[in-house]
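Working notes for the structure below.
Residue numbers (full-length UniProt numbering): 1 to 232.
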C-alpha cells in the first residue's frame, strides 16, 4: 500500500495496485493452504474473508480508469486525480477489514486561495479594435471575464476581476459575446478556478462600436439576461 501512496503518476498508481493485488493473492493462497487446529481456525477464516473481498475488487482493475477527469470547475488537476485514485485503493482495503495494518490514509490536496491582481489580462489574441467594455463585479466571488468571438476557450481577451471590484477592457474588435466564470483558487494551468465554480454568458451580443458597461450582480432591474453554460 505504501507504494500506492508514494506514486507520483496515475500509471504508477496502476502498477503499484497491480503489485499489491498480486501480493494479496499470494498471501491468500498461502493462508488457505494451512490446516489449522479447530481453536485457530476461526481467526484464520476471518483473515481469509478479509483478504478475499479486496482481492476481488483489486484484481485486474486500474484505479486511473475510475478517476473523474472533470468536475464542476472543468478538467481536474493531476494532484486531484492522484488523490482520488489512491483514496479509492485505500478505501477498498480499509472497508474490507478495518483492523488491517495500513499506513495513514492519503491526504487530499490542500485547498488553495490563489488570486490574480484585479484587472490582470490573462490572455489576449487577434487584432485590436475600438471596442470598450467596463466590468463591475459586485459579487462576492472573483471572476474571469472573456470577450469571445467564437470558441469560449479561445477568447479575444480574458481579464481577471476580483470580488467587489471593477475593470475595463479596451481594444476590442468585431461583434462579440461576454462569458464569465466565477469561483475561488485560481489555477494558471487550467486557466480557471478550482473551487465553487460557475460559468455564464450574456445572451445579447456586443459590438465594437459602442462603449458597453456590464454589472455581474443579479438584479430584477437588469436589462441584460445571462445563461448558464458548460465549463470552458
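Just so it is clear, CB atoms sit at the ideal spot from N, CA and C, and this is done for glycine as well.
Minimum Cβ-Cβ distance from residue i to chain C less than 7 Å
{"i": "residue 132", "result": "Of the protein chains in this structure there is only one, and it is not chain C."}
Cα-Cα separation between residue i and residue j, rounded to whole angstroms
{"i": "residue 139", "j": "residue 167", "result": "14 Å"}
{"i": "residue 71", "j": "residue 188", "result": "17 Å"}
{"i": "residue 122", "j": "residue 163", "result": "17 Å"}
{"i": "residue 74", "j": "residue 20", "result": "32 Å"}
{"i": "residue 34", "j": "residue 10", "result": "37 Å"}
{"i": "residue 225", "j": "residue 118", "result": "25 Å"}
{"i": "residue 165", "j": "residue 136", "result": "6 Å"}
{"i": "residue 127", "j": "residue 69", "result": "34 Å"}
{"i": "residue 180", "j": "residue 191", "result": "12 Å"}
{"i": "residue 231", "j": "residue 104", "result": "35 Å"}
{"i": "residue 153", "j": "residue 193", "result": "14 Å"}
{"i": "residue 102", "j": "residue 76", "result": "28 Å"}
{"i": "residue 22", "j": "residue 142", "result": "48 Å"}
{"i": "residue 59", "j": "residue 144", "result": "44 Å"}
{"i": "residue 26", "j": "residue 1", "result": "15 Å"}
{"i": "residue 30", "j": "residue 52", "result": "13 Å"}
{"i": "residue 98", "j": "residue 28", "result": "17 Å"}
{"i": "residue 233", "j": "residue 91", "result": "Any question about residue 233 goes unanswered here, given that the chain covers just 1 to 232."}
Chain-order list of residues whose beta-carbon lies under 7 Å from that of residue i (same chain, five-residue window excluded)
{"i": "residue 217", "result": "138 and 139"}
{"i": "residue 155", "result": "123, 146, 147 and 148"}
{"i": "residue 66", "result": "88"}
{"i": "residue 113", "result": "184 and 185"}
Beta-carbon separation (whole angstroms), residue i vs residue j, contact threshold 8 Å
{"i": "residue 54", "j": "residue 17", "result": "So it is not a contact: roughly 11 Å between Cβ atoms."}
Beta-carbon gap between residue i and residue j smaller than 7 Å
{"i": "residue 175", "j": "residue 203", "result": "no"}
{"i": "residue 157", "j": "residue 124", "result": "yes"}
{"i": "residue 238", "j": "residue 106", "result": "As displayed, the chain neither begins before 1 nor continues past 232, which places residue 238 out of reach and without an answer."}
{"i": "residue 199", "j": "residue 159", "result": "no"}
{"i": "residue 227", "j": "residue 209", "result": "no"}
Residues near residue i in its chain [Cβ-Cβ closer than 6 Å; skip 5 each side]
{"i": "residue 196", "result": "183 and 184"}
{"i": "residue 134", "result": "168 and 213"}
Close beta carbons around residue i, own chain, < 8 Å, minus the five adjacent residues each side
{"i": "residue 13", "result": "4, 7, 63, 64, 82, 85, 86 and 89"}
{"i": "residue 79", "result": "109"}
{"i": "residue 129", "result": "171, 172, 173, 174 and 208"}
Proximity to residue i [Cα-Cα], best of the options
{"i": "residue 173", "options": "131, 96, 59 and 2", "result": "131"}
{"i": "residue 120", "options": "26, 29 and 161", "result": "161"}
{"i": "residue 211", "options": "170, 104 and 229", "result": "170"}
{"i": "residue 178", "options": "98, 112 and 214", "result": "214"}
{"i": "residue 150", "options": "141, 102 and 205", "result": "205"}
{"i": "residue 96", "options": "57, 142 and 111", "result": "57"}
{"i": "residue 61", "options": "98, 219 and 15", "result": "15"}
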